[in-house]
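Enquirer: This is the structure I have questions about; it appears just below.
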Amino acid sequence: MAAPKVAVVGAGVIGLSTALCIVETCPSCSVAVLSDQFSPNTTSDVAAGMLIPHTYPGTAIHVQKQWFKETFSYLFAISNSAEASEAGIHLVSGWQIFKNTPKEESPFWSDVVLGFRPMSKAELQKFPQHHFGQAFTTLKCDCPPYLLWLEKRLKAAGVQMYTRKVSDLWELHSQYNIVVNCAGIGAHHLVGDEKLFPVRGQVLEVHAPWVKNFIRDGDGSTYIYPGIHRVTLGGTREKENWSLSPDPDTTKNIFDRCCSLEPSLQGAQDVKVKVGLRPSRQSVRLNREVLSQGGVKLLVVHNYGHGAGGFSVHRGTAKEAAHLVGECIAALQGSSSRAKL
Amino acid sequence: MRVAVIGAGVIGLSSALCIHQQYHSLVPSLQLEVYADCYTPNTTSDGAAGLWQPYLSDHGNLQETLWNKETFDHLLGQLGSPAAQEMGLFLLSGYNLFTQPVPDPSWRNIVLGFRNLTPKELELFPGYSYGWFNTAMMLECRSYLPWLTNKLMQRGVKFFHKKVESFQEMFAQGVDVVINCTGMRAGELQPDPELQPGRGQIIKVLAPWVKHFIITHSSHSGIYNSPYVIPGSEFTVLGGINQRGNWSEENSAQDHRTIWESCCRLLPSLQKAKVVQEWSGLRPTRPRVRLERETIAHGHLQAEVIHNYGHGGFGITIHWGCAMAAARLFGSILEEKKLARPCQPHL
Numbered sequence: 001m002a003a004p005k006v007a008v009v010g011a012g013v014i015g016l017s018t019a020l021c022i023v024e025t026c027p028s029c030s031v032a033v034l035s036d037q038f039s040p041n042t043t044s045d046v047a048a049g050m051l052i053p054h055t056y057p058g059t060a061i062h063v064q065k066q067w068f069k070e071t072f073s074y075l076f077a078i079s080n081s082a083e084a085s086e087a088g089i090h091l092v093s094g095w096q097i098f099k100n101t102p103k104e105e106s107p108f109w110s111d112v113v114l115g116f117r118p119m120s121k122a123e124l125q126k127f128p129q130h131h132f133g134q135a136f137t138t139l140k141c142d143c144p145p146y147l148l149w150l151e152k153r154l155k156a157a158g159v160q161m162y163t164r165k166v167s168d169l170w171e172l173h174s175q176y177n178i179v180v181n182c183a184g185i186g187a188h189h190l191v192g193d194e195k196l197f198p199v200r201g202q203v204l205e206v207h208a209p210w211v212k213n214f215i216r217d218g219d220g221s222t223y224i225y226p227g228i229h230r231v232t233l234g235g236t237r238e239k240e241n242w243s244l245s246p247d248p249d250t251t252k253n254i255f256d257r258c259c260s261l262e263p264s265l266q267g268a269q270d271v272k273v274k275v276g277l278r279p280s281r282q283s284v285r286l287n288r289e290v291l292s293q294g295g296v297k298l299l300v301v302h303n304y305g306h307g308a309g310g311f312s313v314h315r316g317t318a319k320e321a322a323h324l325v326g327e328c329i330a331a332l333q334g335s336s337s338r339a340k341l
Numbered sequence: 001m002r003v004a005v006i007g008a009g010v011i012g013l014s015s016a017l018c019i020h021q022q023y024h025s026l027v028p029s030l031q032l033e034v035y036a037d038c039y040t041p042n043t044t045s046d047g048a049a050g051l052w053q054p055y056l057s058d059h060g061n062l063q064e065t066l067w068n069k070e071t072f073d074h075l076l077g078q079l080g081s082p083a084a085q086e087m088g089l090f091l092l093s094g095y096n097l098f099t100q101p102v103p104d105p106s107w108r109n110i111v112l113g114f115r116n117l118t119p120k121e122l123e124l125f126p127g128y129s130y131g132w133f134n135t136a137m138m139l140e141c142r143s144y145l146p147w148l149t150n151k152l153m154q155r156g157v158k159f160f161h162k163k164v165e166s167f168q169e170m171f172a173q174g175v176d177v178v179i180n181c182t183g184m185r186a187g188e189l190q191p192d193p194e195l196q197p198g199r200g201q202i203i204k205v206l207a208p209w210v211k212h213f214i215i216t217h218s219s220h221s222g223i224y225n226s227p228y229v230i231p232g233s234e235f236t237v238l239g240g241i242n243q244r245g246n247w248s249e250e251n252s253a254q255d256h257r258t259i260w261e262s263c264c265r266l267l268p269s270l271q272k273a274k275v276v277q278e279w280s281g282l283r284p285t286r287p288r289v290r291l292e293r294e295t296i297a298h299g300h301l302q303a304e305v306i307h308n309y310g311h312g313g314f315g316i317t318i319h320w321g322c323a324m325a326a327a328r329l330f331g332s333i334l335e336e337k338k339l340a341r342p343c344q345p346h347l
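Put into structure tokens, the structure is as follows:
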């Protein structure tokens, strides 16, 4: 059969990294990325891109750990190369602090990040309201740079990008053999997944270049993540809130919470407010599906629902999705050779 | 009581502030003046990256370790205050790298979170098999010196742009006590063969993705003669030159190449960094800091000099401890003068 035609729907970190993995594992495929939004207007562009995993209640821990490990290794190599600044990948050290000692003193990812250890008493003195903490070094993917870098690599590999709103996967059946659904929060309407819900996050991006360490409250509510040019201050976790409009009271609240952890932020300049909807789900939907309509089949691979943990596992899930695409291709080749009989 | 501080680098300005803070209310006649031919941004202190980190070993000089600790603790206390940003003060974490295991430094318990590097971390630095990670602080003099200057001006301290040629020149003007914070050029006021230049050269680049300091050490090169990368609030400093006895303040093309190549090897992402500036300066190197009183005859009177110079490549690291010590020496001079006053003839 002719080169399989694969459409990846979605151009956030999941869509672009999945497209790249498909290109890497299936060089004969013709791959296109279709999305109504590209960087800097994707959900990924709002995220700080910190590699600190979110735990999916519906996925086995060893699977999540493998996804994280693969992602961490992949980015670690880029951060240590000449491409690091263009790709927006850099190491950052800091502290995760808790008001109350967490049940799990060492999370599943503690041996994947670098130098993980409990904070010393002297370090905790900086945070008088917090009584326990963890210090470690991890990676950060700055967006837009990381997405733009992925786009550049995709274009160099011959992948076409189309700005196009896909309202129904069936729209694509005449042009493509396989559709990879990386639509993030868009999957709620695109494939009618009621189990996918938004968790609204508002963040501030400020100019405070003297902030070199990250600080995260272990309850996930408040964080300070220094990027290459700006520091991301967060945040909120509002379930089922679909609003993309920044809320001024929330802005003040985030700023106050972050200043109480890092007083020097009072001097931060040039505050920009952003909102993103985390595409949340009990587990990442990462599976194959065959859609049928009037005797016509469309092979679909789903890779969405990464919620608060997209960056942390993106490469791992992209590789798994590419593997599923490989299975789809084998299935197509099998049925096409059967068709010849 | 006229006090002249000679030198307006980090040592001079901090000594002036300590003395004024502690004694202006006790000595109503206290008149403090600063004399220097060089002010920020042109002092040696301005060229330093500003990282708080002493040398690896204090060579049994506990006094210097205590002054370093005093400085660290003082700065740590300032971190949460609104002044921190104006001062150019912030926390910075990073790596010290070695080609073989070394004993822990004298400052392991002063900094925050000191620990050895894990094997995975060492993978980042091929050629280095051992190292430390810790959190320390940056104090950028291009902000700190103006901040100190402001504080001093608010207190009515007067500044003079002048090259002082001798201690006698000051005494002849009626200065009672000179605080000698002349750094590298102290030898011009009083010969000191122990004071030698440790010439450094640095390249300032734009590399805002670098969030850690990285200091390498080589057993045969000597301190700071091995590549280092230190990210500041705006620029990242690349260095690794420490040439004993070299008085040249001209940038050397060969040193530029050494710094650039070795730093890019250490941190490949630097290949894309944009060079902004190059600078050379002389670390006022001495076997130990000269921090002591000296009584100098001036006619039939006795005048006092407090020496506070020779801080090598750790001036910022030790400055506050030394300023406090200089202030204590000043206090002892005041005590003696109070005792001495009744005996002086009234003419």
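Top to bottom, those sequences are chains A and B. For what it's worth, UniProt numbering labels the leading residue of the first sequence as 1, then goes sequentially. For what it's worth, UniProt numbering labels the leading residue of the second sequence as 1, then goes sequentially. Glycine included, each C-beta is placed from N, C-alpha and C at the ideal position.
Residues in the stretch 102-126 of chain B with C-beta within 7 Å of chain A's C-beta atoms, listed in sequence order?
Expert: Answer in chain order: L112, G113, R115, T118, K120, E121, L124.
Enquirer: Please report the distance separating the alpha-carbon of A:T43 from that of A:G12.
Expert: As a position in the first sequence, residue 43 of chain A is number 43, starting the count at 1. As a position in the first sequence, residue 12 of chain A is number 12, starting the count at 1. So the two alpha carbons sit approximately 7 Å from each other.
Enquirer: Find the residues of chain B that neighbour A:N80, judging by a C-beta separation of less than 9 Å, and give them in chain order.
Expert: Locating residue 80 of chain A in the first sequence gives position 80, counting from the first residue. Residues of chain B passing the Cβ test: E123, L124, L267, P268, S269.
Enquirer: Determine the direct distance from the alpha carbon of B:N242 to that of B:V229, and round the result to whole angstroms.
Expert: If you number the second sequence from 1, residue 229 of chain B lands on position 229. If you number the second sequence from 1, residue 242 of chain B lands on position 242. Roughly 15 Å separates the two Cα atoms.
Enquirer: Count Cβ pairs between the stretch 104-113 of chain A and the stretch 164-178 of chain B that sit closer than 8 Å; are there 3 or more?
Expert: At 8 Å Cβ cutoff, the stretches do not touch.
Enquirer: With a cut-off of 9 Å, does the C-beta of A:H302 fall near any C-beta of chain B?
Expert: Taking the first residue of the first sequence as 1, we reach residue 302 of chain A at position 302. No, A:H302 does not count as interfacial toward chain B.
Enquirer: From the DSSP secondary-structure annotation, give me the bridge partner or partners of B:S280.
Expert: Here residue 280 of chain B refers to the residue found at position 280 when the second sequence is read from its first residue. Paired residues: B:Q201.
Enquirer: Which runs of the beta strand (DSSP E) at least 3 residues long sit entirely within the stretch 10-78 of chain B? Give them in chain order.
Expert: For the stretch 10-78 of chain B, whole beta strand (DSSP E) runs of length 3 or above, ordered along the chain, are 31-36.
Enquirer: Less than 9 Å between CB atoms is the rule here; does B:P284 satisfy it with respect to chain A?
Expert: In the second sequence, counting from the first residue as 1, residue 284 of chain B sits at position 284. Not an interface residue.
Enquirer: Counting only runs of 3+ residues fully inside the stretch 180-267 of chain A, write out the beta strand (DSSP E) ranges in chain order.
Expert: 197-207, 214-217, 223-226, 231-234, all fully within the stretch 180-267 of chain A.
Enquirer: I want to verify the contact list: residues of chain C whose CB lies under 9 Å from the CB of A:S120, in sequence order.
Expert: Considering every chain present, this structure includes no chain C. Its protein chains are A and B.
Enquirer: Roughly how many angstroms lie between the CA atoms of A:A321 and B:N109, to the nearest whole one?
Expert: Numbered from its first residue, the first sequence carries residue 321 of chain A at position 321. Numbered from its first residue, the second sequence carries residue 109 of chain B at position 109. Cα to Cα, the separation comes out at about 48 Å.
Enquirer: Between which two residues does the beta strand (DSSP E) holding B:I223 run?
Expert: In the second sequence, residue 223 of chain B corresponds to position 223, counting from 1. Segment: none, B:I223 is in no beta strand (DSSP E) and carries neither H nor E.
Enquirer: If you reduce the DSSP assignment to three classes, tell me which class A:A7 lands in.
Expert: In the first sequence, the residue the question calls residue 7 of chain A occupies position 7. It is a strand residue.
Enquirer: Rounded to the nearest angstrom, how far is the Cβ of A:T55 from that of A:R315, given a contact under 8 Å?
Expert: Locating residue 55 of chain A in the first sequence gives position 55, where the first residue counts as 1. Locating residue 315 of chain A in the first sequence gives position 315, where the first residue counts as 1. The pair is not a contact, with the Cβ atoms about 18 Å apart (cut-off 8 Å).
Enquirer: For A:I254, I'd like the list of residues in its chain whose CB is within less than 8 Å of its CB, leaving aside the five on either flank, ordered along the chain.
Expert: Counting from one through the first sequence, the residue named residue 254 of chain A turns up at place 254. Excluding residues within five positions, the ones whose Cβ falls inside 8 Å are Q202, V203, L204, T222, L233, G234, G235, T236.
Enquirer: In chain order, what residues of the stretch 243-277 of chain B put their CB closer than 7 Å to some CB of chain A?
Expert: For the stretch 243-277 of chain B, which is checked against every Cβ of chain A, the residues closer than 7 Å are P268, S269, Q271, K272.
Enquirer: Starting from the beta carbon of B:P82, find every residue of chain A whose beta carbon is closer than 9 Å, and list them in chain order.
Expert: In the second sequence, residue 82 of chain B corresponds to position 82, counting from 1. Chain A residues near B:P82: P263, S264, Q266, G267.
Enquirer: On the DSSP letters alone, give me the boundaries of the beta strand (DSSP E) that A:I89 sits inside.
Expert: Taking the first sequence and counting its residues from 1, the one referred to as residue 89 of chain A is at position 89. Unbroken beta strand (DSSP E) run through A:I89: 89-98.
Enquirer: If I follow the unbroken beta strand (DSSP E) through B:W132, where does it start and stop?
Expert: The residue you call residue 132 of chain B lines up with position 132 of the second sequence. Looking at the DSSP string, the run of the beta strand (DSSP E) that includes B:W132 is 130-139.
Enquirer: Please classify A:V301: does DSSP put it in a helix, a strand, or coil?
Expert: For the purposes of this step, residue 301 of chain A is identified with residue 301 of the first sequence, where counting begins at 1. Strand, per DSSP.
Enquirer: Opposite A:T163 in the DSSP bridges: which residues?
Expert: Within the first sequence, the letter at position 163 stands for residue 163 of chain A. Answer by DSSP bridge pairing, in chain order: A:S35.
Enquirer: Between B:S93 and chain A, is any beta-carbon pair separated by less than 9 Å?
Expert: In the second sequence, residue 93 of chain B corresponds to position 93, counting from 1. For B:S93, the answer is yes, since a Cβ of chain A falls inside 9 Å of its Cβ.
Enquirer: Checking the sheet assignment: what are the DSSP bridge partners for A:S79?
Expert: Against the first sequence, residue 79 of chain A aligns to sequence position 79. None, per the DSSP bridge assignment.
Enquirer: Is A:V46 helix, strand or coil when you go by DSSP?
Expert: Taking the first sequence and counting its residues from 1, one reaches residue 46 of chain A at position 46. DSSP places A:V46 in helix when its eight states are reduced to three.
Enquirer: Could you pull out every residue in the same chain whose Cβ sits closer than 8 Å to the Cβ of A:H243, ignoring the five residues on either side in sequence?
Expert: The sequence position of residue 243 of chain A within the first sequence is 243, counting from 1. Residue identity differs from the one stated: residue 243 of chain A is Ser in this sequence, not His. Same-chain partners within the cutoff: R200, V275.
Enquirer: Since A:G58 contacts A:S283 with CB under 8 Å, what's their CB separation in whole angstroms?
Expert: The residue labelled residue 58 of chain A in the question sits at position 58 within the first sequence. The residue labelled residue 283 of chain A in the question sits at position 283 within the first sequence. With 8 Å as the limit, A:G58 and A:S283 qualify as a contact, their Cβ atoms being about 3 Å apart.
Enquirer: Tell me whether B:S269 sits in a helix, a strand or coil according to DSSP, three-state version.
Expert: Taking the second sequence and counting its residues from 1, the one referred to as residue 269 of chain B is at position 269. Correct three-state label for B:S269: helix.
Enquirer: Measure from the C-beta of B:H319 to each C-beta in chain A and report whether the shortest distance is under 9 Å.
Expert: Locating residue 319 of chain B in the second sequence gives position 319, counting from the first residue. No, B:H319 lies away from the interface with chain A (no Cβ there is under 9 Å from its Cβ).
Enquirer: Return yes when the Cβ of B:E249 is within less than 9 Å of the Cβ of B:R199, no when it is not.
Expert: Numbered from 1 along the second sequence, position 199 holds the residue referred to as residue 199 of chain B. Numbered from 1 along the second sequence, position 249 holds the residue referred to as residue 249 of chain B. Against a cut-off of 9 Å, the Cβ pair of B:E249 and B:R199 comes out as a contact.
Enquirer: Helix or strand or just coil, what does DSSP make of B:Y228?
Expert: Numbered from its first residue, the second sequence carries residue 228 of chain B at position 228. Here B:Y228 sits in strand by DSSP.
Enquirer: Rounded to whole angstroms, what is the Cα-Cα separation between B:H300 and B:E335?
Expert: Along the second sequence, one-based indexing puts residue 300 of chain B at 300. Along the second sequence, one-based indexing puts residue 335 of chain B at 335. Cα-Cα distance, rounded: 20 Å.
Enquirer: To which residues of the same chain is A:V271 closer than 8 Å at the C-beta, ignoring the five residues directly before and after it?
Expert: For the purposes of this step, residue 271 of chain A is taken as the residue at position 271 of the first sequence. L204, E205, V206, T251, F255, listed in sequence order.
Enquirer: The beta strand (DSSP E) spanning B:T216 covers which residue range?
Expert: Here residue 216 of chain B corresponds to residue number 216 of the second sequence, with the count starting at 1. That run of the beta strand (DSSP E) goes 212-216.
Enquirer: Nearest-angstrom Cα distance between B:Q344 and B:L26?
Expert: Counted from its first residue, the second sequence places residue 344 of chain B at position 344. Counted from its first residue, the second sequence places residue 26 of chain B at position 26. Note that B:Q344 scores 41 on pLDDT, short of 50, meaning its location in the model is unreliable and no value can be drawn from it.
Enquirer: Closest to B:L195 by CA distance: which of B:L267, B:G239, B:S57, B:W247 is it?
Expert: Residue mapping note: residue 195 of chain B aligns to position 195 of the second sequence, counting from 1. Here the closest residue by C-alpha is B:W247.
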